[in-house]
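> Below you'll find the structure I mean.
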Amino acid sequence: MTRNDRHRIVERRLLVGALVCAVIFVISYCVLVATPWGHQFDDDAFLARKSLTRKIVALDASILDLVRKSTLLLAAIVTLIIAVIRRCTFVGVIALTASGCAVIGAEVFKHVLPWSALVPRDASLESGFQMNTFPSGHATIGTSLALVLILLSPRRWRPWLAVLGGCISATFATGVLFAGWHRPSDALGALAWSGLCMSVAGAFAIRLLGEARAPLATPVAATLSSASLGILVTIATWLVSSAAASECIFADLPFFVLTGSIVAGAFTLSAWYGWQLRGVDWQLRSPSFCKD
């Protein structure tokens with residue numbers, strides 16, 4: 349198998365991953381937002397966050413408050429600097445464009461996808477939540493920037509940076525729930541939407557500049573490794589959360605299930621993305637393109 353054949357395989361896998369993310373996005377909306385029993389489960393999980401200690405809520409809120417126009421501009425500048433240093437400016441532009449599309453798209457979905465009260469407990473929500481908030485913009489920002497970091501990094505670093513990316517993504521995705529900014533469904537939708545946009549960006553970058561320089565991860569190995577990491581981190585998160593909660597978190601099953609799903613989704617997405625790209629670098633065709 350030639351290098352060209354191998355990077356075409358990665359391109360196809362990323363596009364399949366984008367399709368899977370699209371399916372998860374639709375399912376998350378249809379199940380948790382558009383059905384009465386999904387509403388009830390989502391509401392129960394959101395309202396049960398009050399069992400967390402104030403320190404955790406305050407910490408998550410302070411992290412989310414860092415997301416401002418100035419910090420986003422700084423993140424974009426730092427991303428381009430990294431891309432220029434690594435001589436992959438065009439890949440950096442592709443990554444930033446995809447991240448921007450993810451954030452803008454999240455805001456568009458909030459206005460396009462309808463939300464309506466379907467169960468009595470919807471009345472218990474604050475007025476700001478008695479409207480559509482799917483998907484979360486903050487979780488989209490955190491997840492897409494984490495995947496941008498993986499995309500621009502040297503190929504040998506990607507499996508390791510995937511762990512850092514999972515931490516960043518999970519922090520923002522759970523933070524919007526813990527701080528009371530979004531429902532769990534909003535965070536899950538943000539993970540799926542970010543994964544879709546960045547998978548397409550990765551496939552596009554590979555189509556233009558990709559070159560396979562190492563054996564590719566098999567689909568089974570990549571999937572099992574990603575899922576295993578997500579499961580391990582989820583178990584650790586549940587244990588820490590139950591210890592930090594004022595009451596046993598296992599008594600709040602919806603919160604337990606959806607928080608675990610958010611953490612598992614964040615780490616699985618990041619790990620899968622890093623594993624798919626670990627054998628791919630960018631062709632050195634001009635000073636603007638990456639080399640390892």
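Quick note on numbering: the sequence shown equals residues 349 to 640 in our numbering. Quick reminder that beta carbons are idealized off the backbone N, C-alpha and C, glycines included.
Whose C-alpha, out of PHE373, GLN388, ALA521, ALA614, is nearest the C-alpha of LEU461?
Out of PHE373, GLN388, ALA521, ALA614, PHE373 has the C-alpha closest to the C-alpha of LEU461.
> Check the C-beta distance from ARG626 over to PRO507 and give it rounded, since I have them as a contact under 8 Å.
About 5 Å separates the two Cβ atoms, so the contact holds.
> If you measure between the beta carbons of GLY390 and LEU380, is that distance less than 7 Å?
Residue identity differs from the one stated: residue 390 is Asp in this sequence, not Gly. Closer than 7 Å, so yes.
> DSSP on TRP623, reduced to helix/strand/coil?
TRP623 falls in the helix class under three-state DSSP.
> I need the boundaries of the alpha helix (DSSP H) containing VAL548, first residue and last residue.
Counting along the chain, the alpha helix (DSSP H) containing VAL548 begins and ends at 532-557.
> Does DSSP put TRP529 in a helix, in a strand, or in coil?
Of the three classes helix, strand and coil, the one that applies to TRP529 here is coil, per DSSP.
> Three or more C-beta pairs closer than 8 Å, one from the segment 414-422 and one from the segment 467-475: is that the case here?
Result no; under three Cβ-Cβ pairs closer than 8 Å.
> Please report how far the alpha carbon of ILE429 lies from the alpha carbon of LEU493, in whole angstroms.
Between ILE429 and LEU493, the C-alpha separation is close to 14 Å.
> Does GLU455 pass the burial test, meaning 16 or more other C-beta atoms within 10 Å, or should it be called exposed?
Exposed: under 16 other Cβ atoms inside 10 Å.
> When you measure from the CB of PHE604 to every non-hydrogen atom of the ligand ADP, does any distance come out below 6 Å?
Although the ligand ADP was asked about, the structure shown includes no ligands whatsoever.
> Find the nearest neighbour of PHE520 within the set LEU601, ALA553, SER484, judged by alpha-carbon distance.
Measuring from the Cα of PHE520, the nearest candidate turns out to be SER484.
> Which residue comes first and which comes last in the alpha helix (DSSP H) that contains VAL426?
417-433 is the span of the alpha helix (DSSP H), which, as asked, contains VAL426.
> Could you check where the alpha helix (DSSP H) with LEU385 kicks off and where it finishes?
A quick correction: the sequence has Trp, not Leu, at residue 385. Here the alpha helix (DSSP H) through TRP385 covers 384-395.
> Between THR481, THR488, ARG504, which lies nearest to ALA540 when the distance is taken from Cα to Cα?
Of the listed residues, the one whose Cα sits closest to ALA540 is THR488.
> Given SER594, which residues of its chain have a CB within under 8 Å of its CB, disregarding the five upstream and five downstream residues?
A caution first: SER594 carries a pLDDT of 47, below 50, which makes its placement in the model too unreliable to give a value.
> So CYS449 is in the alpha helix (DSSP H); what residue range does that whole segment cover?
Counting along the chain, the alpha helix (DSSP H) containing CYS449 begins and ends at 437-460.
> Since GLY490 is in the alpha helix (DSSP H), which residue starts that stretch and which ends it?
Here the alpha helix (DSSP H) through GLY490 covers 485-500.
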